[in-house]
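Student: Below you'll find the structure I mean.
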Amino acid sequence: MKTLILMRHAKSDWKQPGLSDHDRPLNARGCSVAPEVAKHLHSAYPVIDIALASSAVRVQQTIELMQAEWEESPEVLTSRELYLATPQQIVDSLRALHDAWDSVLLVAHNPGLAGLASHWSGRAIEMPTAAIAVFRFPGTSWQELTLGSSLELIDYWKPRELMKDIDWADVD
């Protein structure tokens with residue numbers, strides 16, 4: 008049995024002209040939300056064996072802010088292939104994981120994450136910034152995982168539902 012935690016990066020900054028999409032950092036809201044989501048994630052899933060992360064700056068910052076909230080942080084494997092990856096590319100990255108890792112956090116981007124979460128859950132899953140969808144995979148090897156695999160959606164959180172005291176007027 009494997010646990011797969013899909014997370015979209017926290018809110019990024021669009022106000023820095025001249026930066027490539029890959030190099031966009033988090034904005035102030037993203038920097039405040041990521042640690043709060045990390046606390047909630049850690050309380051529900053205290054053991055994460057490995058984290059896979061897109062190489063984009065906003066994803067790397069999200070992971071760093073989350074790690075600061077955890078007593079023991081998982082190793083982070085950074086992958087350029089996860090930057091704007093399709094659902095199939097995400098699955099391909101997961102299939103390469105060591106089978107000893109039973110709990111995996113993958114932090115990446117839409118539309119690939121939302122597409123994959125929707126496909127596996129059998130319903131439309133929105134993945135706004137810093138959203139998390141947790142799936143249970145009955146296989147014993149990550150190599151068994153395919154787009155057609157039967158995964159169970161066991162948790163789904165949007166930051167605005169976790170942190171009701173924040174003004175979300177300008178958050179997607």
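Under this note's numbering, the first residue of the sequence shown carries the number 8, and numbering increases by one thereafter.
Beta carbons are placed, not taken as given, at the ideal position from N, Cα and C, and that holds for glycine.
None of these values were measured; they are calculated from a predicted model.
#1: Three or more beta-carbon pairs under 8 Å between the region 113-123 and the region 83-101, yes or no?
#2: Let me make sure I understand the geometry here. Which of H47, M8, K22 and E159 has the alpha-carbon closest to that of A138?
#3: Taking the alpha helix (DSSP H) that R15 belongs to, which residues open and close that run?
#4: Which class does A41 belong to by DSSP, given the choice of helix, strand or coil?
#5: If you check the beta carbons only, do L152 and L101 fall under 9 Å apart?
#6: Using DSSP bridges, identify the partner residues of L113.
#7: Thinking C-alpha only, which one of D109, T10, L33 and G155 is nearest M73?
#8: Taking only the alpha-carbon atoms, compute the straight-line gap between H5 and I70 and give it to the nearest angstrom.
#9: What residues are listed by DSSP as bridge partners for W164?
#10: Specify, as a first and last residue, the run of the beta strand (DSSP E) that S86 falls within.
#11: Per DSSP, L33 forms a beta bridge with which residues?
#12: Should R61 go down as buried or exposed, given a rule of 16 or more other Cβ atoms within 10 Å for buried?
#13: Report buried or exposed for K22, applying the criterion of at least 16 other Cβ atoms within 10 angstroms of its Cβ.
#14: Is R130 buried or exposed, if buried means 16 or more other CB atoms sit within 10 Å of its CB?
#15: Using DSSP with H/G/I as helix, E/B as strand and the rest coil, what is E180?
Tutor: Straight from the coordinates:
#1: Because the criterion of three Cβ pairs below 8 Å is met, the region 113-123 and the region 83-101 touch.
#2: When the alpha-carbon of A138 is set against those of H47, M8, K22 and E159, the nearest one is in H47.
#3: Where R15 is concerned, there is no enclosing alpha helix (DSSP H), although the beta strand (DSSP E) it sits in stretches over K9 to R15.
#4: Helix.
#5: Yes, Cβ-Cβ distance for L152 and L101 is below 9 Å.
#6: DSSP output for L113 lists L13 and L59 as bridge partner(s).
#7: Out of D109, T10, L33 and G155, the CA that lies nearest to the CA of M73 is found in L33.
#8: Not covered by the structure: residue 5. The range shown for the chain is 8 to 179.
#9: Answer is I139.
#10: Residue range E82 to S86 is occupied by the beta strand (DSSP E) that includes S86.
#11: In the DSSP assignment, L33 is bridged to S19.
#12: The sequence shown places Ser at residue 61, rather than the Arg named in the question. It is buried - the Cβ of S61 has at least 16 other Cβ atoms within 10 Å.
#13: Counting Cβ neighbours within 10 Å, K22 comes out exposed, since fewer than 16 surround it.
#14: The residue in question, R130, is exposed, as its Cβ has fewer than 16 Cβ neighbours within 10 Å.
#15: Nothing can be reported for residue 180: it is not among the residues displayed for the chain, which extend from 8 to 179.
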